[in-house]
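Numbering (UniProt numbering), first residue to last: 1 to 806.
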């Protein structure tokens with residue numbers, strides 16, 4: 001017994017022509033730059049890559065016996081393959097950044113900036129534009145912990161005790177009266193110097209890079225603020241006599257080693273949290289790579305069988321696929337019959353019957369029966385590898401999130417530096433004696449009060465609270481861009497199976513021919529189906545048992561692949577299957593033809609039951625719509641979201657579900673590439689697109705949409721590809737996520753306003769603008785206090801999101 005539907009195979013790559021042996025080296029960014037030997041591009045300086053004239057694709061030579069074509073991304077899981085996979089990577093266009101402490105890069109690795117994809121390097125490092133750590137363009141299985149994350153964690157935990165003690169000493173040391181002011185200053189220096197000079201060293205390197213590359217960013221502010229506080233305090237410690245008596249407090253000049261240390265430690269903590277979150281960016285690709293089996297059972301020419309690494313499988317090889325095993329590569333069945341679970345590609349929950357001549361897709365699961373297949377597509381040509389490529393490309397093509405802080409950061413940094421310099425020279429030239437000391441102190445106060453703690457906390461604090469509140473409601477945001485973008489969604493593309501529907505077959509109804517009851521039809525069908533492993537059979541048997549029907553033993557059971565099952569029950573000859581089986585045994589179906597058509601139009605899979613050669617009735621099995629789906633769709637429509645269904649299921653079934661839910665735009669029988677192309681089409685129209693799905697076939701579109709939304713009950717790959725996961729698989733979570741997005745972005749704007757307001761008011765005061773009229777000066781100590789208050793206000797405002805209700 002089988003479901004009447006076509007198997008939807010994914011995209012299949014054409015075979016690569018045999019490459020020429022003539023060596024040509026070409027620049028990946030400027031194809032016109034070509035050479036007959038290795039070297040650097042004369043235009044941009046990038047490393048030239050080996051190209052074969054036939055394919056035009058950069059390759060590197062390896063010599064694995066019997067290697068046919070490039071292994072591609074999927075081959076990352078094929079240990080031992082040394083075919084045509086690796087090549088020397090790019091040297092980035094931008095100025096070089098310092099490398100993160102790391103093991104040597106693997107040959108052929110390309111590192112890109114997640115915020116500026118145009119920055120590409122052939123080694124780890126940092127983006128010279130924004131300072132973010134470069135990430136591997138294509139993750140691989142088995143790679144270890146991010147070396148920069150490990151380094152920052154080590155710096156944070158080793159320096160944290162020094163920071164805590166230093167801050168406590170600065171706050172309470174004078175009240176304890178256990179030491180004089182001079183001794184306390186030197187102890188604070190001893191505590192703060194390792195934190196600033198060692199733990200903060202990566203930040204100062206990025207600060208220097210921002211200056212060298214003329215790209216002011218947040219690291220510029222952090223470097224200036226902490227550097228100014230530390231240097232000022234160092235001068236006050238080594239030469240306190242330079243400072244006027246008005247800056248003496250409790251027998252010493254006030255120092256701010258604890259402020260510099262606290263800023264460094266907090267920044268390290270923020271970087272650790274960010275790197276941990278970003279480490280999952282390649283998890284979707286790793287999960288896809290992990291789907292491919294590591295070995296295949298090859299049938300040798302002498303008839304013997306042996307398990308070989310998947311890298312040693314080539315076109316034309318005969319492979320044995322036993323029950324429960326994964327199909328190793330794409331190919332064709334040459335012997336045997338079975339049911340194969342292709343849901344990882346098609347999204348269709350029903351196993352597909354396979355017999356001689358049928359196509360098989362690599363990484364799908366052979367449910368029952370042994371198969372012998374001939375390998376046709378291997379390495380990068382397989383459907384799985386094509387999906388990997390699409391997910392990777394979609395992830396790289398995402399536009400970086402543009403925060404309001406990023407828009408003004410460059411101008412803000414320049415403005416702060418100009419204000420500090422103007423303060424220094426204005427006081428030095430026109431201020432009272434000692435004028436230049438006053439200038440130095442007030443310039444430092446400007447830099448300290450402008451240190452971007454509040455600015456840095458403004459968005460992350462809102463994101464942190466919003467993420468927690470979303471999790472309480474079963475909505476998991478993977479990153480801040482998802483929170484910001486959800487409110488902008490114009491179009492929501494939804495998969496059917498497992499998203500709008502339950503994703504598993506359920507018995508719907510039985511229709512009996514004259515002379516029989518519905519229970520008779522269900523009982524006979526279930527009795528026969530007890531010997532079948534098909535999911536549709538399981539749903540029928542479960543329905544009969546739920547009604548308390550007494551099932552009989554089936555004898556002479558036989559499964560006819562692709563059409564149905566036959567057997568004997570209580571001495572009666574039974575046949576259960578599709579129209580092809582009924583035609584084969586000469587059964588007239590006209591008695592219930594209208595009811596059968598009506599059930600099919602409603603989206604159900606229909607089976608026919610014949611008893612002793614006579615038509616006995618129909619049984620319908622369908623994938624029911626989730627009870628929460630109608631309410632979710634109504635809420636999304638009220639929010640102005642356009643709904644589009646895109647499914648690998650047949651068009652008739654898709655339209656039936658769409659009619660039930662009131663969805664006007666339907667795309668059926670679509671492949672993974674089609675869903676991605678649909679998302680791109682809407683994006684090209686200037687629309688913000690969200691994609692909701694649960695299967696591996698949805699992964700490319702989930703990654704390619706502005707916001708990918710995965711069902712929590714779906715595959716790991718879908719969830720790793722998506723930016724939002726609905727833990728309960730309830731589409732009402734999308735409406736909740738949009739409401740939370742609105743509240744969060746509003747909160748972010750308020751935080752940014754607070755942060756800039758403190759700077760707008762504090763910088764003039766720190767610069768001494770009011771001194772001629774009021775005699776007020778803002779010492780660095782008060783500047784540090786104001787800076788702390790700005791952070792407190794931002795944190796307090798972000799916590800208001802906890803009172804959010806959808």
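Each residue gets a CB set at the ideal place from its N, CA and C atoms; glycine is no exception. Bear in mind the structure is a predicted one, so any value in this text is a computation, not a measurement.
Proximity of residue i and residue j at Cβ, strictly below 7 Å
i	j	result
residue 623	residue 505	yes
residue 370	residue 336	yes
residue 679	residue 701	yes
residue 697	residue 648	yes
residue 461	residue 735	no
residue 618	residue 592	yes
residue 329	residue 382	yes
residue 466	residue 446	no
residue 707	residue 442	no
residue 522	residue 546	no
residue 777	residue 771	yes
residue 827	residue 268	The first residue shown for the chain is 1 and the last is 806, placing residue 827 beyond what the model contains.
residue 733	residue 468	no
residue 356	residue 333	yes
residue 498	residue 645	no
residue 724	residue 737	yes
residue 228	residue 444	yes
residue 636	residue 663	no
residue 625	residue 501	yes
residue 529	residue 537	yes
Beta-ladder partner(s) of residue i, from DSSP
i	result
residue 493	644 and 691
residue 267	The partner list for residue 267 (beta bridge, DSSP) is empty, contrary to what the question assumes.
residue 566	558 and 575
residue 411	DSSP, once it has assigned bridges, lists no residue as partnering residue 411.
residue 607	619
residue 726	475 and 711
residue 665	644
residue 827	Residue 827 cannot be examined here, being either before or after the span of the chain that is shown, 1 to 806.
residue 625	501
Through-space distance from residue j to residue i, alpha-carbon basis
i	j	result
residue 553	residue 683	57 Å
residue 790	residue 448	12 Å
residue 165	residue 186	14 Å
residue 621	residue 540	8 Å
residue 482	residue 691	12 Å
residue 524	residue 551	8 Å
residue 237	residue 428	22 Å
residue 159	residue 226	15 Å
residue 516	residue 532	24 Å
residue 549	residue 535	19 Å
residue 191	residue 290	47 Å
residue 811	residue 303	Residue 811 lies beyond the residue range present for the chain, which begins at 1 and ends at 806; the question has no answer from this structure.
residue 425	residue 261	28 Å
residue 112	residue 210	18 Å
residue 207	residue 198	15 Å
residue 34	residue 134	27 Å
residue 685	residue 487	18 Å
residue 641	residue 634	10 Å
residue 651	residue 630	20 Å
residue 478	residue 189	40 Å
residue 518	residue 595	14 Å
residue 458	residue 745	11 Å
residue 773	residue 252	29 Å
residue 574	residue 676	45 Å
residue 814	residue 339	Only positions 1 to 806 of the chain appear in this structure, which leaves residue 814 out of reach.
- Uninterrupted alpha helix (DSSP H) stretches inside the UniProt domain "P-type ATPase A" (291-391) (no shorter than 4 residues): You should have 343-346.
- Message: Would the region 586-593 count as touching the region 484-491 if we require 3 or more Cβ pairs under 8 Å?
- Response: Contact between the region 586-593 and the region 484-491 is absent: fewer than three C-beta pairs spanning the two stretches fall below 8 Å.
- Message: Taking contact to mean 3 or more Cβ pairs, one atom from each stretch, closer than 8 Å, check whether the region 315-335 and the region 292-307 are in contact.
- Response: When C-beta atoms of the region 315-335 are compared with those of the region 292-307, three or more pairs fall below 8 Å, so the two segments count as touching.
- Do three or more CB pairs link the region 597-612 to the region 641-656 at distances below 8 Å? With the cut-off at 8 Å, the region 597-612 and the region 641-656 touch.
- Task: Pick out the complete alpha helix (DSSP H) segments inside the region 473-556, 4 residues or longer, and give them in chain order.
- Result: With a minimum length of 4 residues, the continuous alpha helix (DSSP H) runs that stay inside the region 473-556 are 480-486, 518-529 and 535-546.
- Query: If we count Cβ pairs, one from each stretch, closer than 8 Å, do we get three or more for the region 745-756 versus the region 430-439?
  - Reply: The answer is no - the region 430-439 does not touch the region 745-756, with fewer than three Cβ pairs under 8 Å.
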